[in-house]
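Chemist: Before I ask anything, let me first share the structure, which is written out below as structure tokens.
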Amino acid sequence: MHTAISAQEDWENTLAPRILLGLWHPKFIEPAQRLMPTLRRAHIGQNPHIAREYFWDSCESFSIDFSSLSSAEGEKFRKECKASGKKLLVWTVNRREEMIEAARWGVDAILTDVTSVWLELRKQLQADFETTSKSNSRLFLWTRTTYYYPARLLAWYNQRSSLERVAGKFYVPPLVMASA
Numbered sequence: 070m071h072t073a074i075s076a077q078e079d080w081e082n083t084l085a086p087r088i089l090l091g092l093w094h095p096k097f098i099e100p101a102q103r104l105m106p107t108l109r110r111a112h113i114g115q116n117p118h119i120a121r122e123y124f125w126d127s128c129e130s131f132s133i134d135f136s137s138l139s140s141a142e143g144e145k146f147r148k149e150c151k152a153s154g155k156k157l158l159v160w161t162v163n164r165r166e167e168m169i170e171a172a173r174w175g176v177d178a179i180l181t182d183v184t185s186v187w188l189e190l191r192k193q194l195q196a197d198f199e200t201t202s203k204s205n206s207r208l209f210l211w212t213r214t215t216y217y218y219p220a221r222l223l224a225w226y227n228q229r230s231s232l233e234r235v236a237g238k239f240y241v242p243p244l245v246m247a248s249a
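First residue of the sequence shown: 70, per this note's numbering; consecutive thereafter.
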């Protein structure tokens, strides 16, 4: 990847600032810092505990699934991101009520498969946030098992297990000193 990116003329000024490198597993942090130190990094995942423990210091942004951010742990993580100036992206938000809720949270980006729906809703929110956001109740957070904390715990366990099967056990990566 570094070879392809660095082959572009003036890549550090024209291309690198536009790239956000997504990291799923901590084993990729050190190579990303060493081989592509000018690229911005984001953790893509589900579990706020993993994001905090393994990726907090090396990533400027976090892309976390909606259901995880809707939990009490997710609320705590959202507040920590805001307090620390970390960007927060939420995926995959395809339902109107989830889009409104994510907008209430003040996330930096909403990732969706139904872009036209989000763009229209965003216009409505920008025109009159109060009225538009009141158009649906927050009770929807009680309507799906995926929002319940036990379901989140299971999803977080399954995600970590799957990542460790594919890429190896999680570990705290060594600090990499940037060259001056």
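Positions of the beta carbon are idealized from the N, C-alpha and C atoms, including for glycine.
On the CB-based measure, 16 or more other CB atoms within 10 Å of its CB, does G175 come out buried or exposed?
Modeler: Against the sequence shown, residue 175 aligns to sequence position 106. Exposed is the call here.
Chemist: Using the Cβ count rule (16 or more neighbours within 10 Å means buried), how would you classify Q195?
Modeler: For the purposes of this step, residue 195 is taken as residue 126 along the sequence shown, with counting starting at 1. Counting Cβ neighbours within 10 Å, Q195 comes out exposed, since fewer than 16 surround it.
Chemist: Going by beta-carbon coordinates alone, are V159 and L188 separated by less than 8 Å?
Modeler: Counting from 1 along the sequence shown, the entry for residue 159 is found at position 90. Counting from 1 along the sequence shown, the entry for residue 188 is found at position 119. Contact flag unset, no.
Chemist: Can you list, in chain order, the residues of its chain with a C-beta nearer than 6 Å to that of N116? Leave out the 5 residues immediately preceding and following it.
Modeler: Taking the sequence shown and counting its residues from 1, the one referred to as residue 116 is at position 47. Hits under 6 Å: W225.
Chemist: Based on the DSSP secondary-structure assignment, which residues constitute the bridge partners of I113?
Modeler: Taking the first residue of the sequence shown as position 1, residue 113 is located at position 44. S132.
Chemist: Nearest-angstrom Cα distance between K148 and F131?
Modeler: Walking along the sequence shown from the start, residue 148 turns up at place 79. Walking along the sequence shown from the start, residue 131 turns up at place 62. Roughly 13 Å between the two C-alpha positions.
Chemist: Would you call the stretch 141-156 and the stretch 164-171 touching, i.e. three or more CB-CB distances under 8 Å?
Modeler: With the cut-off at 8 Å, the stretch 141-156 and the stretch 164-171 do not touch.
Chemist: Please report the straight-line C-alpha distance between K156 and D177, rounded to a whole angstrom.
Modeler: Position 87 of the sequence shown, counting from 1, holds the residue named residue 156. Position 108 of the sequence shown, counting from 1, holds the residue named residue 177. When rounded, the distance between both Cα atoms is 6 Å.
Chemist: Please tell me whether, using a cut-off of 7 Å, the distance from the CB of L188 to the nearest non-hydrogen atom of the ligand ATP is below it.
Modeler: Annotation note on the ligand ATP: not contained in the displayed structure, which lists no ligands.
Chemist: Count the other CB atoms, across all protein chains shown, that sit within 10 Å of the CB of A141; report buried if there are 16 or more and exposed otherwise.
Modeler: Counting from 1 along the sequence shown, the entry for residue 141 is found at position 72. That one is exposed.
Chemist: Under the three-state reduction of DSSP, which class applies to I98: helix, strand or coil?
Modeler: If you number the sequence shown from 1, residue 98 lands on position 29. Residue state, collapsed to three classes: helix.
Chemist: Got a sec? Which residues, its chain only, sit under 7 Å from Y240 by beta carbon, not counting five neighbours each side?
Modeler: Sequence index remark: in the sequence shown, residue 240 carries index 171 (1-based). Excluding sequence neighbours, Y240 sits near P95.
Chemist: Helix, strand or coil for W93, going by three-state DSSP, please let me know.
Modeler: Translated into positions along the sequence shown, residue 93 becomes position 24. Correct three-state label for W93: coil.
Chemist: Starting from K155 and walking both ways along the beta strand (DSSP E), at which residues does that stretch end?
Modeler: Your numbering for residue 155 matches position 86 in the sequence shown. No beta strand (DSSP E) holds K155; DSSP gives it neither H nor E.
Chemist: Would DSSP call A76 helix, strand or coil?
Modeler: As a working note, residue 76 is residue 7 in the sequence shown. If DSSP states are grouped into helix, strand and coil, A76 belongs with coil.
Chemist: Could you check whether R110 and L90 sit closer than 8 Å to each other, using their CB atoms as the reference points?
Modeler: Sequence index remark: in the sequence shown, residue 90 carries index 21 (1-based). Sequence index remark: in the sequence shown, residue 110 carries index 41 (1-based). Yes; because the gap between Cβ atoms is below 8 Å, this pair is in contact.
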